[in-house]
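First to last, the sequence lines map onto chains A, B, C and D. Just so we're aligned, residue 1 is where the first sequence starts under the numbering used here, counting upward by one. Just so we're aligned, residue 1001 is where the second sequence starts under the numbering used here, counting upward by one. Just so we're aligned, residue 2001 is where the third sequence starts under the numbering used here, counting upward by one. Just so we're aligned, residue 3001 is where the fourth sequence starts under the numbering used here, counting upward by one. For glycine and all other residues, C-beta sits at the position ideal for the given N, C-alpha and C. These numbers were taken from a predicted model, which means no experiment stands behind them. What follows is a single structure, written as structure tokens, with notes after it.
Number of protein chains: 4
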Amino acid sequence: MTSHVKDRRQELLQAAARLFREKGFAKTTVRDISRAVGLQSGSLFHHFATKEDILYGLMVDVIELNTARLQRAFDEADSAASRVLALIRAELEAIHGETRDAMTVLVFEWRQLTEGRREDVLNLRDRYEALWLRALEGLAAEGRTAVESFTLRRLLVGAISWTVNWYKPTGSMDLDTLAEQVLTLALKNPEA
Amino acid sequence: MTSHVKDRRQELLQAAARLFREKGFAKTTVRDISRAVGLQSGSLFHHFATKEDILYGLMVDVIELNTARLQRAFDEADSAASRVLALIRAELEAIHGETRDAMTVLVFEWRQLTEGRREDVLNLRDRYEALWLRALEGLAAEGRTAVESFTLRRLLVGAISWTVNWYKPTGSMDLDTLAEQVLTLALKNPEA
Amino acid sequence: MTSHVKDRRQELLQAAARLFREKGFAKTTVRDISRAVGLQSGSLFHHFATKEDILYGLMVDVIELNTARLQRAFDEADSAASRVLALIRAELEAIHGETRDAMTVLVFEWRQLTEGRREDVLNLRDRYEALWLRALEGLAAEGRTAVESFTLRRLLVGAISWTVNWYKPTGSMDLDTLAEQVLTLALKNPEA
Amino acid sequence: MTSHVKDRRQELLQAAARLFREKGFAKTTVRDISRAVGLQSGSLFHHFATKEDILYGLMVDVIELNTARLQRAFDEADSAASRVLALIRAELEAIHGETRDAMTVLVFEWRQLTEGRREDVLNLRDRYEALWLRALEGLAAEGRTAVESFTLRRLLVGAISWTVNWYKPTGSMDLDTLAEQVLTLALKNPEA
DNA sequence: GATGAATGAGCCTTCATTCAT
DNA sequence: GATGAATGAAGGCTCATTCAT
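Structure follows, in structure tokens:
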């Protein structure tokens, strides 16, 4: 694949992500996406066979990108608590940083995928979630969590994902502070 | 308004809520909804002027119903902690009990509303959220929360709403236990 | 089904048959058909779910109509030769009379049907062909055919169907004369 | 024109003939044809300016090829009856032998040509049909046909062309036998 | 209130054809 | 001659909404 082809693909995926986040998958037309990158409607066909393929493509890309990011955060930490904090921070960054559009879409438009695709995405998230579970169990082993790890992760992913609905990185609270607040929720006795 | 008219309206709203949750607002057709209550497609428009009105109608109803429920939970509690627990429990019940369909729709299809309607819904939630804030501040006054109340509420609403994606009331954890786990997140020192 | 609904269906089927014959199934658009009966493009949907359904519908109708006609011709004849002549005549009438459009379409656009539909049509033709075979075997029993009945029928159906490509009922040869010529082909010794 | 250029042209024509027969002209895409000979879609247009040109090209080729074949059959025969038999045999071979794909397409997709092209094809067939007419009139001169030659030819071409729909050369009847059966139809008194 | 045929705008997708490389 | 991305006009179909009955 030559690089300008990859570029066009990335360009489309990014434009689509933004539109899907702003208007929703259903209300975004193929023409909207084409126009956003300066193509005619039919030309999308060379890059993605269907509109759903675009949705799927951006979900896969963002999961893979952020799994790698999470893995890095996991590897670089030197204590159980700092590891969990790093994961929280990484996830918040995914949601509010460069991959924000795609992450939002992943959360809100996941149901638009057809059955099979839905499972594929779920499977891709497994490695991602496995990292989280290991990190939380490290904290649990130190007796610092008050909730069982699996449940804790589910509650945390909710709290973190939901920030998309209210948190503005440009506001008074920076991302590091927010990450610490979330960590506080996870810890049994935060001040200890 | 005679009562059988109200019934028909309720019937439509419930059928729509179920369909919107299962298939999403965009993929649910007016015909789907009509068929679900034994009407022909055109007849639905004697009850709701537009498809969006149905979405809006069920959101308003479910917010009002649950605000009343929340108010009751608030009033009946006799301590700050038991009050927060009661609110958590009430919100979880809204999400997993009889109003489950409408609540899920409220969370996931909120963006489908047009601008003005979106604000209306937001305003309706104000009273609801005010109750929450008072309850959390009661707990904060006792020095038992580790996170500032507004942020805490936002994180909790995320954690609670997200349960729609993973929690099954028929599974091994009952709703009371789940509510306690959520409370644990909110408390600074759960064992105290 | 009220009668004006049936009428609209018939109207559509006839308009479609004419267009399919003139332009071919593939080159006829749903909009062409709608316009021909004074409808907007989307309104076809109330009568036929897909364009193929129209094709299938008219084929089924024309087969059933002509099977009944063939049966009548079969029943009314009083000798083996006159029976075969009557069938030839009936088939020519189907091709050049009122059902001409649909018959032509049946012959030339049969391949446009999807697999399953193709079989359905074939099955419908069975009863029709069974009549033919019985009639030809009546003639064979009298020793008046020179070719085995099954093969004879296949050759005759070709000769008859092909008339669509050259015979004009308004020309110098009338349908009865043409029918006799075809019978001549089938007979071993025409003058006997 | 160098010979490998001619080869590429032939290759395309044959691939197209097969596809047109199998799927129909309308449902065969330019990409299908290109792919079948290992070209990319755009490259096909170095060989044929339009998709219709391909259809026209293969029709012209097959007519010319078979006219030559018919001429040979005509020339080699030594009696009126054997001449007609030879023509039948030659036409059946065209339909069931190597030129089968193109012949089938000639019969079934003739209407897909634009007006002018349709006439051109008709004109090409004139020489072909003239041979047939002379042969049949030879037989008529001997008093052995029961139907006037022009009509007879039209009926025979139908019977023969239609074999494409039912006759399998690999079945129990070989091509010679089939040819004889067809001749039987044409003769007034076959046993004579 | 109910019906359901009709509307008509719009959607996703297809595909013959062009053209810069 | 070959490539393949791009074009752009259609095409089949969907569906919220209207309205005469």
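Whole-angstrom distance between residue j and residue i, CA atom to CA atom
i                 : j                 : result
Met2001 (chain C) : Ala1049 (chain B) : For Met2001 (chain C), the predicted model reports a pLDDT of 46, less than 50, meaning its position is unreliable and no value from the coordinates is stated.
Tyr3167 (chain D) : Arg2154 (chain C) : 9 Å
Glu2093 (chain C) : Leu2175 (chain C) : 8 Å
Arg18 (chain A)   : Arg2031 (chain C) : 36 Å
Ile33 (chain A)   : Trp1162 (chain B) : 30 Å
Leu1187 (chain B) : Gly1158 (chain B) : 16 Å
Phe150 (chain A)  : Ser1172 (chain B) : 13 Å
Leu2044 (chain C) : Gly2024 (chain C) : 19 Å
Asn1165 (chain B) : Arg1100 (chain B) : 12 Å
Asp61 (chain A)   : Gln112 (chain A)  : 17 Å
Thr67 (chain A)   : Gln3040 (chain D) : 38 Å
Glu52 (chain A)   : Ala1026 (chain B) : 15 Å
Gly3072 (chain D) : Leu3085 (chain D) : The sequence given here places Arg at residue 3072 (chain D); Gly does not occur at that position. Between Arg3072 (chain D) and Leu3085 (chain D), the C-alpha separation is close to 13 Å.
Met59 (chain A)   : Ala102 (chain A)  : 7 Å
Asn1189 (chain B) : Trp1110 (chain B) : 35 Å
Ile2156 (chain C) : Thr2184 (chain C) : Reading the sequence as shown, one finds Leu at residue 2156 (chain C) and not Ile. Taking the straight line joining both Cα atoms gives about 11 Å.
Leu2065 (chain C) : Glu3098 (chain D) : 39 Å
Arg2035 (chain C) : Thr28 (chain A)   : 31 Å
Gln3181 (chain D) : Gly3042 (chain D) : 48 Å
Residue-level contact to chain D via CB, residue i, 9 Å cutoff
i                 : result
Ala2140 (chain C) : no
Leu2178 (chain C) : yes
Gly2024 (chain C) : yes
Lys2051 (chain C) : no
Met2001 (chain C) : Any reading at Met2001 (chain C) must be qualified, since the residue scores a pLDDT of 46, below 50, and its modelled position is unreliable; the value itself is stated next. No - not a single Cβ of chain D is within 9 Å of the one on Met2001 (chain C).
Sequence-distant residues of its chain with Cβ nearer than 7 Å to residue i (five each side left out)
i                 : result
Arg2083 (chain C) : Phe2074, Ala2077, Ala2135, Gly2138
Trp1132 (chain B) : Leu1087, Arg1153
Leu70 (chain A)   : Leu87, Ala90, Tyr128, Leu131
Arg1125 (chain B) : Ile1063
Gly3057 (chain D) : Leu3013, Phe3048
Glu142 (chain A)  : Ala80
Ala3179 (chain D) : Leu3085, Ile3088, Arg3089, Leu3092
Thr2114 (chain C) : Glu2052
Any chain A beta carbon closer than 9 Å to residue i
i                 : result
Trp1166 (chain B) : yes
Within chain A, the residues that residue i reaches when beta carbons sit closer than 8 Å
i                 : result
Trp1162 (chain B) : Arg154, Leu155, Val157, Gly158, Ala159, Ser161, Trp162
Beta-carbon neighbours of residue i, restricted to chain B and to distances below 8 Å
i                : result
Val147 (chain A) : Gln1181, Thr1184, Leu1185
Phe108 (chain A) : Phe1108, Arg1111
Cutoff 9 Å: residue i Cβ touching any chain B Cβ
i                : result
Arg111 (chain A) : yes
Glu191 (chain A) : yes
Thr151 (chain A) : yes
Leu19 (chain A)  : no
Per-residue contacts from residue i into chain C (C-beta, under 7 Å)
i                 : result
Thr3104 (chain D) : None at all; the shortest Cβ gap to chain C is about 10 Å.
Chain D contact residues for residue i, given Cβ-Cβ distances below 9 Å
i                 : result
Ala2090 (chain C) : Under the 9 Å cutoff, chain D gives no residues; its nearest Cβ is about 17 Å from Ala2090 (chain C).
Nonlocal neighbours in the same chain, by C-beta distance under 6 Å from residue i, ignoring five residues either side
i                 : result
Val105 (chain A)  : Ala17, Phe20, Arg21
Ile2054 (chain C) : Ala2016, Phe2048
Ala3140 (chain D) : Ser3149
His96 (chain A)   : Pro169
Val2107 (chain C) : Ser2161
Val1147 (chain B) : none
Neighbouring residues, chain B, relative to residue i (Cβ below 9 Å)
i              : result
Lys6 (chain A) : None at all; the shortest Cβ gap to chain B is about 31 Å.
Min CB distance residue i to chain C below 9 Å
i                 : result
Met3059 (chain D) : no
Sequence-distant residues of the same chain with beta carbon closer than 8 Å to residue i, five excluded per side
i                 : result
Val2037 (chain C) : Arg2008, Glu2011, Leu2012, Ala2015
Thr3145 (chain D) : Leu3136, Leu3139, Leu3152, Ala3186, Leu3187, Lys3188
(message) Using a Cβ distance threshold of 8 Å, determine whether the segment 113–120 of chain A contacts the segment 1114–1122 of chain B, with at least three qualifying pairs required.
(response) Result no; under three Cβ-Cβ pairs closer than 8 Å.
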